[in-house]
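Note that the numbering used here has the sequence shown beginning at 4, numbered continuously upward. Note that CB positions come from ideal geometry on N, CA and C, so glycine has one too.
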Amino acid sequence: MQKIAWFVLGIAGGFIAAHLVNRDPRGHEVLADVDARISEFTDRIGEAYRAQETKIDGLVADVKGAAAGAVDAAKSVAADAKDAAGDAVETVADAVRDTAAKLTD
Numbered sequence: 004m005q006k007i008a009w010f011v012l013g014i015a016g017g018f019i020a021a022h023l024v025n026r027d028p029r030g031h032e033v034l035a036d037v038d039a040r041i042s043e044f045t046d047r048i049g050e051a052y053r054a055q056e057t058k059i060d061g062l063v064a065d066v067k068g069a070a071a072g073a074v075d076a077a078k079s080v081a082a083d084a085k086d087a088a089g090d091a092v093e094t095v096a097d098a099v100r101d102t103a104a105k106l107t108d
């Protein structure tokens, strides 16, 4: 509880000190300069974040495209394998029928 009291007291003291500094014209200029620097910093951070986000979105789109291509290729290979297996089964069945026909003759 004592830590919370000191925290609140520190915040209140900071507001009071800022108010007293802001009353003086030189203090007002200093606070305005600090505010301008903070605004410039946050603007730069925001621009960097948006640039990075755009870069990552482009990478994600590329990966999605590559994954879709890989899925399509896998489907094509699976369909070809299915067709080849069906043909092989049909060939074996024909051979079995021919052998059975020869044995029954």
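Span of the alpha helix (DSSP H) around residue i
i     : result
Asp27 : Per DSSP, Asp27 belongs to no alpha helix (DSSP H) and is neither H nor E.
Anticipated Cβ contact below 8 Å, residue i with residue j, distance rounded
i     : j     : result
Val33 : Val24 : 7 Å
Beta strand (DSSP E) runs contained entirely in the segment 40 to 75, provided each spans 3 or more residues: none
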